[in-house]
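Residue numbers (our numbering), protein chains in the order written: chain D, 3 to 524; chain P, 85 to 241.
One structure is given below, encoded as structure tokens.
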Amino acid sequence: MTRFEYDDSDVVVVVGSGAGGGTLANELCQRGFKTVVLEAGPHLTGPDYENDEWKAFAQMAWTDPRTASGSWEIARDFPNLPAWIVKAVGGTSTHWAGACPRFKPHELAARSVYGPLEGTTLLDWPITLSELAPYYDRAELKMGVTHRHGRPPLPANNNYKVFANGAEKVGYRDYATGPYATNAEPFDGRPASIQDGFNFQGDKHGSKWSTLVAELPKAEATGNLDLRPDSHVAQILHDADGRASGVLYVDRNGTMRRQRAAVVCVAGNSIETARLLLLSSSARFPDGLANSSGQVGRNYMRHTTATVWGQFDKPVRMYRGETMAGVIADESRLDTDRGFVGGYYMETISLGPAFFAKFVAPGSWGTSLAEIVDGYLNTAGMWIVGEDMPQETNRITLSKDTVDANGLPVADVHFDDHPNDVAMRRHGRQQGTAVYESVGATRTIQTLPYPSTHNLGTARMSARPRDGVVDRFGRAHDVPNLFVSDGSVFTTGAAANPTLTIVALAIRQADYIATEFRSTAR
Amino acid sequence: MGTLLSEHERTTLVDLLRVAFPHDRFPVGPYQRTALAVVDAAAGNPRLHGLLLQGLADLDTQREVGFSNLDVETAQLVLRGIADTPFFTAVLDVAIVALYDDHEVWEILGYEGPSYDKGGYIDRGFNDLDWLPDPRIESWIDSTVDSTVDSNEEAPA
């Protein structure tokens, strides 16, 4: 295990070890950079993971306090759990399912294509799909994505059989068991899936790509990685010239540490990244670091989501097998005739009885809930995930009255649906219901969004510094050696599950850092 | 862990749970264990403890006879009447997690629980659904669209 000195000001500090931070760290280590990864959570590995939803949640989830406000149902039903993300080495890449759609060309030009939609802060990305395409290739190759680059598809599980047959019946064509970043056959030293059904709970088998099993071990093998779990960063520090000089963090023993750095990269997932930038205010940066635009924390997006369940008179056993190895892409098309801009995907999903009962109809009880749960065995499930609209007031701020165990103000997550989000969700539920009814569902159930798993946009990329927080490479407009390396940089959300794009952007950012900083960091 | 709840109040709690989560197929065991989970949660939580003591006592005063002696329809009506009280929502909050996490309940519902130690479902029926045809698993190729980056066609490596 490599250790760098706290006062070694040549290192690159990466805050967070998830899809963005973990990938970036590996890419930098491969290029010879001394890299310190500070991860707030513990170093869990396969044997630690639980094949049990609540135990796994207690073990993996970020359950430090947060608050929620706004008109979204989450503020009512889960006021202290606005997001469902991971606090552990590997970050939320240990919880993600594996769905790997790419962005479509128009989704990187949302403002131009969708027009000036009232109430939104739509903006075109400062990069195009053709610039991103080679990095998508590298990400897919690295992750072993099924259906891509000759990698075989996963087989159909029970939930997919219902889903795909329904898709065909309603006239959809663009369905498959992927692209999906879990091995159908051994790849990259990791085994094929055994279809155990506990993908969200860390994946004990290591068949799913995560930074825990794929990126960080490779980074470690270079001798350039100093991975420090249980290390909660409290502030990014800067020097008299306004350059990031290092970070202050609290280690596992509660001791304060200052790690000096040549470059600081923040990848704490969109809520914590914004919180850390806001916490890092100073005389020079009174509104938070990299926030001269006032955009830090704004334009928070969470994807427009919903779940549709179909219950049948025969068994489905949706819990067996790869949870999200099924996607219908027909509704991801550009087609404003549906009454909304943007598109959405339909993807298989499954929950065990404990989570199913808790989330299927929050707050409900009595006969209505019992009847739904009684149908568990015969239930198929799909998740709707689509592009939501960036809004200035959907925003991460620092709580004025709630602090965490370290006395740091927690993040408040404020969210109101845009009418476009509402229209898309309605359409998605309708279509999902039609899919299941076409194959004989006797009951369908429409479930509200869960606490957010796709958190995006709070430090967005923009061509002009006044419109966003970082440039086209994720470099802060205001601070030349500060980068943001997670989904916070998304200018708009697109419909695609974000991980593949986060990984592609992290690879691209590593290339850029290697060009700009080689002389000082090596 | 200590509780100030009487035997009678604990029985009332079990009966409340049976009315709130009415499953014909569930025996009393899971409800008893769920009641115990609520009582345990209250042991270290004065707020919940107080809500339970007062709430369960109040429940018995809603009709001429105690809650446990009501017929099912009346008991449901009584619960509907208190559905928005802090007492009832606090009980539900703990109970919904405990009841449907009970392994006897899992078995009745047809859920098999942990699978990794049994080798997952790769050889144990992950694809045994036989009342629908086997669907296509490969990507659909849209022959009407010509795009190298926005289709299901293989992207150039």
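By construction, the Cβ of each residue, glycine as well, lies at the ideal position given by its N, Cα and C atoms.
Bear in mind that the values here come from a model prediction, so they are computed numbers and not experimental data.
- According to the DSSP assignment, residue 430 of chain D belongs to the alpha helix (DSSP H) that extends over 421 to 439.
- Taking a cut-off of 8 angstroms for Cβ pairs, the region 459 to 469 of chain D and the region 491 to 509 of chain D touch, as three or more such pairs fall below it.
- Residue 116 of chain D is classed as buried because its beta carbon has at least 16 other beta carbons within 10 Å across all chains shown.
- Cα atoms of residue 153 of chain D and residue 273 of chain D: separation of roughly 34 angstroms, rounded to the nearest angstrom.
- Against residue 441 of chain D, the close residues of chain P are 216, in the order they occur along the chain (beta-carbon pairs closer than 8 angstroms).
- If you check each beta-carbon in the region 183 to 206 of chain D against every beta-carbon of chain P, the ones closer than 9 angstroms belong to 194, 195, 196, 197, 198, 199, 200, 206.
- Across the region 417 to 450 of chain D, CB contacts with chain P closer than 7 angstroms involve 441, in sequence order along the chain.
- A distance below 8 angstroms between beta-carbons, with the five flanking residues on each side excluded, links residue 421 of chain D to the following residues of its chain, in chain order: 121.
- Neighbours of residue 98 of chain P across chain D, judged by C-beta separation under 7 angstroms, do not exist; the nearest C-beta is about 16 angstroms away.
- CA-to-CA, the gap between residue 357 of chain D and residue 517 of chain D works out to about 47 angstroms.
- Annotation for residue 56 of chain D: 356 place their beta carbon closer than 7 angstroms to its own, counting only its chain and skipping 5 residues before and after.
- For residue 127 of chain P, no chain D residue has a Cβ inside 8 angstroms of its Cβ, as the nearest lies near 19 angstroms away.
- Put simply, of D/187, D/68, D/229, D/339 the residue whose alpha carbon is nearest the alpha carbon of residue 83 of chain D is D/68.
- The residues 169, 174, 177, 348, in chain order, have a CB closer than 6 angstroms to that of residue 330 of chain D in the same chain once the five nearest residues on each side in sequence are set aside.
- For residue 214 of chain D against residue 334 of chain D, the beta-carbon gap comes to about 29 angstroms, at or over 8 angstroms, which does not count as contact.
- According to the DSSP assignment, residue 25 of chain D belongs to the alpha helix (DSSP H) that extends over 21 to 32.
- At a C-beta separation below 7 angstroms, residue 318 of chain D has these neighbours in chain P: 213.
- Close partners of residue 379 of chain D in chain P (Cβ separation under 9 angstroms): 193, 194, 195.
- Cβ contact annotation for residue 427 of chain D (same chain, cutoff 6 angstroms, sequence separation greater than five): 306, 308, in chain order.
- Inclusion of residue 98 of chain P and residue 115 of chain P in the CB contact set at 7 angstroms is warranted, their separation being smaller than that value.
- At a cut-off of 7 angstroms between beta carbons, residue 256 of chain D makes no contact with chain P.
- At a cut-off of 7 angstroms between beta carbons, residue 510 of chain D makes no contact with chain P.
- Looking only at P/124, P/193, P/94, the smallest Cα-Cα distance to residue 144 of chain P is reached by P/94.
- Residue ranges of uninterrupted alpha helix (DSSP H) with 4 or more members, entirely inside the region 67 to 147 of chain D and ordered along the chain, are 75 to 79, 112 to 116, 131 to 145.
- In the three-state scheme derived from DSSP, where H, G and I count as helix and E and B as strand, residue 151 of chain P is classed as helix.
- A straight-line Cα-Cα distance of about 9 angstroms links residue 209 of chain D and residue 183 of chain D.
- Here residue 189 of chain D carries a strand assignment [DSSP, helix/strand/coil].
- Distance between residue 480 of chain D and residue 44 of chain D, taken at the CA atoms: about 32 angstroms.
- Contact check for residue 311 of chain D against residue 368 of chain D fails: the beta carbons are separated by 7 angstroms or more.
- Using a Cβ-Cβ cut-off of 7 angstroms, residue 163 of chain D counts as an interface residue toward chain P, since at least one Cβ of chain P sits closer than that to its own.
- Given a length threshold of 4 residues, each whole run of the alpha helix (DSSP H) inside the region 116 to 174 of chain P is given here in chain order: 130 to 143, 156 to 166.
- In the three-state reduction of the DSSP assignment, residue 220 of chain D falls in the helix class, which pools H, G and I.
- For secondary structure counted as the beta strand (DSSP E) over 3 or more consecutive residues, the region 242 to 308 of chain D holds these complete runs in sequence order: 246 to 252, 258 to 262, 265 to 268.
- In the DSSP assignment, residue 388 of chain D falls within the unbroken beta strand (DSSP E) covering 381 to 388.
- Burial check for residue 138 of chain P: the Cβ neighbour count within 10 Å stays below 16, so the residue is exposed.
- Within a 10 Å sphere around the beta-carbon of residue 188 of chain P sit fewer than 16 other beta-carbons, which makes this residue exposed.
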